[in-house]
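In my numbering, the protein residues as written are -6 to 154. To start, the structure under review is shown below, and the notes come after it.
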Amino acid sequence: AVRLSPRQAVAGCRLAQALTQYCVGANYGWLLAEGLFLHKLLVLAAFSGERCLPAFLLLGWGEPVPVSPPCPPVSSCPLPNLVPVPPGAPVLFVVPWVVVRYLYENEGCWERNEKAAVWWIIRCPILMAVAVNFVVFVRIVRILVAKVRAHQVSRGDTRVR
């Protein structure tokens, strides 16, 4: 069995907290990307999702970048086509949170948030994504209602009016 020193255990726990915050941020980033994608599909008749895909990927976890294989072609490489993923939008607030947390609230495993200002570094971008997503959602509902009403009016159906 591998034994970790208390210092190593705390460092691992903090790394897990940072990774958790990154994943939560990526989750909300993807939620926003999906809302924006659906909005674009409904608004633009000739929308190509492929053109916006890199921006949506960066909003979530990052964009894959093609690289040369890490092993020479003659050797037997277990993973011949590794594609690193550069960090996406969550890094823009998770890295500052880690730095500020380390400098001003470096206690335990970082599971408690006793200083509100430090916690807002994580919460503010997520709340902004939720607010933008809510506005996009309202606009999507309005577009869908308008399309349904236009379709019913063209058919002469007066029950919904």
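Just so you know, even glycine gets a beta-carbon here, dropped at the ideal spot from N, CA and C. Given the structure is predicted, the values throughout are model-derived calculations rather than measurements.
Residue environment analysis places Tyr95 among the exposed positions, since fewer than 16 neighbouring C-beta atoms fall within 10 angstroms of its C-beta.
Taking C-alpha positions only, Cys117 is separated from Val111 by approximately 10 angstroms. Exclusion of the five residues before and after Tyr15 leaves Pro83 and Val87 as the residues of its chain whose Cβ lies within less than 6 angstroms of its Cβ. Counted as a single uninterrupted DSSP element, the stretch harbouring Arg(-4) is not any alpha helix (DSSP H), since DSSP gives it neither H nor E. The alpha carbon of Leu12 has as its nearest neighbour, out of Trp103, Arg135 and Ile136, the alpha carbon of Trp103. If you check the CB distance, Ile119 and Pro89 do not come in under 7 angstroms. By the Cβ-count criterion, Ala143 is exposed, with fewer than 16 other Cβ atoms from all chains shown falling within 10 Å of its own Cβ.
A residue is called buried when at least 16 other Cβ atoms come within 10 angstroms of its Cβ; Leu8 does not meet this threshold and is exposed.
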